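Heads up: the structure comes next, in C-alpha cells.
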Amino acid sequence: MAFDRRSLLKGMATASAAAVASASPVKAARERKVVPEDARGMLYDTTLCIGCKACVRACKEANDLPADTRTPGMEIFDAPTDLNDYTKNIIKLYSEGDRRSYVKRQCMQCVDPACVGACMIGAFRKEKFGIITWDRDRCIGCRYCQMACPFGIPKFEWSSLNPDIVKCEYCRQREGDKQWEPACCEVCPREAVIAGTYEELLAEAKRRLAEHPDRYEPKIYGEKDLGGTQVLYLSHVPFEKLGFKFDSEEPVPEMQQTIQHGIYQGFIAPAALYAGLGVVLWRNRRKGGAEEEEGEA
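Start counting at 1 in the sequence shown, then tack on 8, and there's your number in the working numbering.
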C-alpha cells in the first residue's frame, strides 16, 4: 500500500519539531570541557620553520614507522605528501604569489576531541597530560574517528591485514625520559616547534604576539577554536591559507551530542515519528478498504 506523501511529511515535521524542542535542555546541560591541569602540548611558529623536515624523520624513527616510497616519481625517497598510515607528522608548503609558509600537521590533541566522542567502545581516550591515545585491543576498525575528526588526522592502515589507526600520540612511549618531549620538538634546529605545558606555551605565544604584532596574524590558533587544542599555532599568513578552515569555538562532540541526545531524549522524536507513520498506515488502509467496498458495489 502506497504512503500518502503529504501525511508522511507531516509526521516527519512533527518528529523534527519534537527533536528541536527536546534538544535545548541537553545543550544547556552539557558542560564545556576545559584544558586539563596537567596538559602538555606544542607551539608551532610558521615564521621560524625552514621546511627541513627533520621533525618528520625523527617522528618516524621514534615511532618505528616505515619509509613512505609510494609517491610517484619519488620511489627511492621517503617522501610522504600528507599524513598517512606511515606518517604521523608532516611539513606542508603553502605558496601563493610571493607569499610562502610551511605548516606542521599532526594530532591537535583537542581539549574535547571528536575522535573520542565518535568512538563507540572507547578505543580513543583522552588520558594523562591530555594526550589522546588509541588502544588497538579495543578498536574494531569502524573508522568513525576518521570521519569525525575536523582536522583529518587519524589514518587507517590499509596495507595491513591486521590494521592500526595511525596518529600522533605525543611520543608517549618517551614519558619515562628525564627530559621527555616529542621527537619532532627535540630535533627542530630552529625551535619552530617547542613542547611544554599548555600554560607555558600559551603564555609564550601571547608574549610573541605582543612583542611582534607586525610579524603575526593577530590570533593564536587552537586557543579557542573548536573548543581549544593543546597544539597551538602562530602564523604570518592567514590560517585558512594553511588549511585551518574552522572558525567556530564549539567543539565537534558538543554539537554531535546535542543533536543525538536531543533527538533521543525521552524517546520523544522517535515516538512521534512512529506515531506519524502509524497514522499514515491507518489512513491508507482505511482509504483502501473504502475503495474496495466501492469497487464491489
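Positions of the beta carbon are idealized from the N, C-alpha and C atoms, including for glycine. Please read these numbers as outputs of a predicted model, since none were measured by experiment.
For this session: Identify the continuous alpha helix (DSSP H) that holds Tyr152 and give its terminal residues.
Result: The sequence position of residue 152 within the sequence shown is 144, counting from 1. Where Tyr152 is concerned, the enclosing alpha helix (DSSP H) stretches over Tyr152 to Ala156.
For this session: With DSSP as the reference, label Arg216 as helix, strand or coil.
Result: Here the question's residue 216 lines up with position 208 in the sequence shown. Judged by DSSP in its simplified three-state form, Arg216 adopts helix.
Exercise. Identify the residues that DSSP records as bridge partners of Trp142: which are they?
Worked result: The residue you call residue 142 lines up with position 134 of the sequence shown. Trp142 pairs with Phe132.
Problem set entry | Glu69, enclosing alpha helix (DSSP H) - first and last residue | Position 61 of the sequence shown, counted from the start, is the residue given in the question as residue 69. For Glu69, the enclosing alpha helix (DSSP H) covers residues Ala62 to Ala70.
Exercise. Helix, strand or coil: how does DSSP classify Leu209 here?
Worked result: Locating residue 209 in the sequence shown gives position 201, counting from the first residue. For Leu209, the three-state secondary structure derived from DSSP is helix.
For this session: Per DSSP, which residues does Arg108 bridge with? Please list them.
Result: One-based indexing of the sequence shown puts residue 108 at position 100. In the DSSP output, where bridge partners are listed per residue, Arg108 has Ser103.
Exercise. Do the region 52–69 and the region 120–135 make contact, defined as three or more Cβ pairs closer than 8 Å?
Worked result: Not touching, per the Cβ criterion.
For this session: Taking 7 Å as the cut-off, decide whether the C-beta atoms of Tyr102 and Leu250 are in contact.
Result: Taking the sequence shown and counting its residues from 1, the one referred to as residue 102 is at position 94. Taking the sequence shown and counting its residues from 1, the one referred to as residue 250 is at position 242. Contact flag set, yes.
For this session: Output yes or no for whether 7 Å exceeds the beta carbon distance between Val152 and Lys112.
Result: By one-based count along the sequence shown, residue 152 stands at place 144. By one-based count along the sequence shown, residue 112 stands at place 104. It is Tyr, not Val, that sits at residue 152 in the sequence shown. No, they are not a contact pair.
Exercise. Residues bridged to Val239 by DSSP?
Worked result: Residue mapping note: residue 239 aligns to position 231 of the sequence shown, counting from 1. In DSSP, Val239 forms a bridge with Met50.
For this session: For Glu194, count neighbouring Cβ atoms within 10 angstroms of its own Cβ and tell me buried if that reaches 16, exposed if not.
Result: Along the sequence shown, one-based indexing puts residue 194 at 186. Around the beta-carbon of Glu194, 16 or more other beta-carbon atoms lie within 10 Å, marking it buried.
Exercise. Mind checking whether Ala70 and Ala211 have CB atoms under 7 Å apart?
Worked result: In the sequence shown, residue 70 corresponds to position 62, counting from 1. In the sequence shown, residue 211 corresponds to position 203, counting from 1. Result no, Cβ atoms of Ala70 and Ala211 do not sit closer than 7 Å.
Exercise. What do you reckon, are the CB atoms on Asp86 and Asp76 nearer than 7 Å?
Worked result: Locating residue 86 in the sequence shown gives position 78, counting from the first residue. Locating residue 76 in the sequence shown gives position 68, counting from the first residue. The criterion of a C-beta distance shorter than 7 Å is satisfied by Asp86 and Asp76.
Exercise. Among Ala213, Ser256 and Arg180, which one has its Cα closest to the Cα of Lys232?
Worked result: As a working mapping, residue 232 is identified with position 224 in the sequence shown. Looking from the CA of Lys232, the closest CA among Ala213, Ser256 and Arg180 belongs to Ser256.
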